[in-house]
Structure formats: structure tokens, C-alpha cells
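The next block holds one structure in the form of C-alpha cells; read it before the comments.
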Amino acid sequence: MSTLVQTAPLLPTYVRHDVTFVSGEGAWLVDAEGRRYLDLLAGIAVVALGHQHPAPLAAARAQLDALWHVSNLYSTEPMTRLAELLSERFGGASAFFCNSGAEAVEAGLKWARKASGKPVVVALEGSFHGRTHGALAVTGQPAKRAAWEPLAPAVRFATPNGTASLEAAMGSDVGAILLEPVLGEGGIVPLERAFVADARALADEHGAVLLFDEVQAGVGRTGSFFAWQGIDVRPDAVALAKGLANGLPIGALLVAEEAPTGFEPGDHASTFGGNPVSCAAACAVVETVDDELLAAVRERGAQLQDGLAAFPGVVGTRGRGLMLGADLDRPAGPVAAAALAGGLLVGTAGEQTLRLTPPLTISQSEVELGLELLEEVLR
Ligand code: PLP
């Protein structure tokens with residue numbers, strides 16, 4: 127069984143498994159000893175097309191040779207192209223680019239505050255939106271702070287899939303409803319279409335915006351390009367990150383063209399946001415996530431979920447596409463560690479839930495093999 131270690135001079139914010147990876151291809155990783163592992167986690171839903179996928183790899187390589195960075199005071203071709211591609215996929219939207227999921231959510235919250243003019247955010251119990259805290263709160267420039275005071279957004283929480291609870295949390299002070307269409311870190315909990323439709327109606331009724339956090343669920347992960355397309359409820363804005371550039375850092379906020387613009391020049395910024403190398407890779411990802419791949423995501427997801435449901439120790443399965451959770455009759459951490467020792471990467475989402483977010487390109491036989499390896503651990 128693999129062990130959890132603290133070896134390098136890194137602050138102990140993570141407890142890492144005792145393995146160092148040196149290369150990867152598709153759904154496979156190789157460690158420093160040359161051992162191969164099947165990756166059903168993909169960097170927690172980040173390496174969307176699989177490790178070293180030729181399309182983003184070629185695009186990033188070409189861009190590395192051409193231009194690494196210019197200030198956001200200027201344009202680059204990859205950034206412009208990515209904004210166009212995402213707008214097309216969304217059905218008309220404008221983008222703000224940043225470097226991570228938390229930053230994309232922060233951009234969304236700041237935009238929502240300006241767009242609605244109201245301070246309270248209604249979010250869901252069990253949700254996860256990132257771990258940043260207070261960069262703006264310690265910025266001593268009134269002009270940069272004024273429009274967002276009080277700086278930590280006032281938040282009320284509602285129960286996932288509980289319309290009555292959401293209704294109770296609403297009020298004339300609510301400027302945004304923030305939802306993950308499938309709660310990720312919260313245990314892989316898909317929101318029901320009726321609940322999300324109710325959220326849309328409540329947001330409209332209260333003059334609030336509907337903001338989706340698709341940092342984990344977006345870019346094809348749930349079997350549609352945006353998770354909202356699978357439940358057919360269009361938000362006013364959506365935050366993307368993880369899978370967008372296949373592992374290069376990027377985040378994006380997309381604001382629907384019919385939604386209030388909210389932001390004006392100077393309202394928000396990110397030095398590295400829209401990095402040309404990340405954007406070039408992201409363009410290749412967006413172009414590769416086509417209808418054929420999305421159909422395969424739904425098929426492989428069903429294969430994986432059906433296989434899991436039949437396993438000893440699995441008491442329930444949830445999810446959409448290739449964003450799956452399996453509730454166990456035992457703690458999930460030791461199961462993930464034992465799987466790693468057996469050559470398989472899986473994640474956890476909560477104490478007793480295994481998380482499976484393989485590359486969207488995983489093959490039928492790789493899913494079969496993954497199921498075999500996992501069954502051995504659970505038996
Ligand atoms: N939002 C969701 C739904 C996430 O799953 C995560 C990360 O897991 C984040 C936001 C934060 O993203 P990042 O770690 O890139 O800041």
C-alpha cells in the first residue's frame with residue numbers, strides 16, 4: 127500500500143502519496159521507477175483530453191516558440207480566438223481570463239455585485255468554490271475596493287435540490303445565486319433540472335444574477351460542453367477552469383451577452399490572465415471537445431457507473447458523464463491509497479465517496495481495466 131509522506135521542503139498544505147510521476151500519455155502515467163498507472167482522476171478533472179494529448183501539446187509548443195506573454199493592455203491571437211470559441215459554444219458571451227478556478231469565481235462574484243448592485247450571494251450547503259481570501263480586502267486603494275464593500279460577500283446558504291430552502295434564502299438584498307451544476311468536492315451531487323430551473327426563476331424574480339461554477343463540471347466533463355446544457359438552464363455567467371487548457375493554468379468567466387455587462391475598464395484585472403500559451407492549448411481543447419467526444423463521455427460514464435454500482439462495498443453511485451462518485455460502506459481514503467498501490471489513480475470527495483474523473487478520451491477497454499483494478503481493491 128502506498129504511504130502518505132511529507133518529503134520536500136513544501137508547506138504542509140497537502141499530504142502527498144509517496145509517488146513521483148515523470149511522464150504520461152492518454153489515461154496513463156509513469157512514475158520515477160518506470161511503473162505505469164491507469165489514471166481515473168486526471169488531475170482532479172483537469173487533464174480533460176488525457177496526458178500529452180497531441181492537439182493542445184502542438185498548440186502550446188507552437189505558442190511557446192512564438193510569444194509567452196504580453197500585458198492585457200494588448201491583444202494576442204490565442205486569447206481573442208479562445209474568447210470567440212467560448213462565446214460560440216455558450217451562444218453569445220464575453221470572457222474574462224484568469225489563472226485558476228478560484229479566480230474565475232472571484233471574477234464572477236465581483237461581476238455579479240456590479241451587475242445586480244446588490245451584496246448578498248446565495249450559495250449551496252456542501253458547495254466548493256475555491257480557497258482564496260481577501261486579496262482585495264487588504265488592498266489599500268479605495269477606488270479598487272469601493273464598489274465591492276463589504277468586501278467579503280454576505281452569504282446565505284441553501285440546501286442542494288431544496289427549492290423551499292432556496293426560496294427562504296432569497297430576499298431583496300440578493301444579487302447572485304451561485305451554483306455548481308454538479309457539486310464536486312461536496313460529494314459529486316448533480317443538481318436536478320427542476321431545482322436549477324427554480325433557481326433561474328427566483329434569480330429573475332429578485333433581480334439577481336444566476337452564476338454557475340463549472341470549474342470542475344465544465345468543458346465536456348458531464349457529457350455536454352457546459353454542464354448547464356445537460357439540464358437546459360442557461361445561467362447569466364459561468365466560471366470555467368480545470369479542464370479548459372488540459373492542465374496548463376487558466377480560468378475564465380463568461381458573461382452571457384444578454385446579461386448586464388457589469389464590468390467597466392479598471393474593475394478587474396489579472397497580470398497572467400489570458401496567457402497566450404494557456405489560451406492556445408485551450409483553443410485546441412475546445413475544438414477537440416466535439417459532439418463525437420461528448421457522446422463517448424456519456425457512454426464511458428454509463429459504463430463506469432454501471433460497473434461501479436455492481437461492486438462489493440459500493441452502496442450508491444452518482445454523477446453525470448465522466449464526473450462520478452461512488453458511495454462506499456467504508457472510508458474512501460484507504461481505498462484510494464490501495465488502488466494507487468495497485469496501479470490505479472482514483473480520488474475521493476468526502477469521507478466515504480470515491481471520485482472518478484478520468485480523461486474524457488478514455489477508451490472502453492481502459493474503463494474495463496480500471497473497473498477490474500478497483501474491484502480487486504474493494505473485494
Ligand atoms: N470551483 C470548483 C467547483 C472546484 O471544484 C474548484 C477546485 O476544485 C474550484 C472552484 C477552485 O479551483 P482552483 O483550485 O483552480 O482555484
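Just so we're aligned, residue 127 is where the sequence shown starts under the working numbering, counting upward by one.
All C-beta atoms, glycine included, are put in the ideal place defined by N, C-alpha and C.
These numbers were taken from a predicted model, which means no experiment stands behind them.
Excluding five sequence neighbours on each side, which residues of the same chain lie with their C-beta closer than 6 Å to the C-beta of G445? I314 and G451
Kindly examine ligand 1 and report whether one of its heavy atoms sits closer than 7 Å to the Cβ of A153. no
Give the DSSP-derived three-state secondary structure of L434 in the structure shown. helix
If you draw a straight line from the C-alpha of V411 to the C-alpha of V345, how long is it? 8 Å
The beta strand (DSSP E) enclosing A222, as first and last residue numbers: First, the residue type needs correcting, since residue 222 is Phe and not Ala in the sequence shown. Residues A219 to C224.
Skipping 5 residues on each side, what residues in its chain have a beta carbon closer than 6 Å to that of S149? V156
Determine whether the beta carbon atoms of A458 and Q431 lie at a separation below 8 Å. no
For ligand 1, list every residue whose C-beta falls under 6 Å from any of its heavy atoms, going in chain order. S226, G227, A228, V231, F254, H255, G256, E306, G310, E311, D339, V341, Q342 and A367
Buried or exposed: which applies to S350, given that a residue is buried once 16 or more other Cβ atoms fall within 10 Å of its Cβ? buried
Assumed close pair Y337, P361 - CB separation to whole angstroms, cut-off 8 Å: Looking at the sequence itself, residue 337 is Leu, so the reference to Tyr does not match. The Cβ separation is near 6 Å, so the contact holds.
Would you decide whether Q189 is buried or exposed? Buried here means 16 or more other CB atoms lie within 10 Å of its CB. buried
Let me check one thing: in DSSP terms, what residues is D147 bridge-paired to? Just to set this straight, residue 147 is Phe in the shown sequence, not Asp. DSSP output for F147 lists D157 as bridge partner(s).
Can you give the beta carbon distance from R282 to V246, rounded, assuming they're within the 8 Å contact cut? 6 Å
Let me make sure I understand the geometry here. Which of A371, S404 and P386 has the alpha-carbon closest to that of L175? A371
Alpha helix (DSSP H) segment containing V281, residue limits: From DSSP, V281 is part of no alpha helix (DSSP H) but of the beta strand (DSSP E) over A280 to A284.
Where T479 sits in the DSSP three-state scheme: strand
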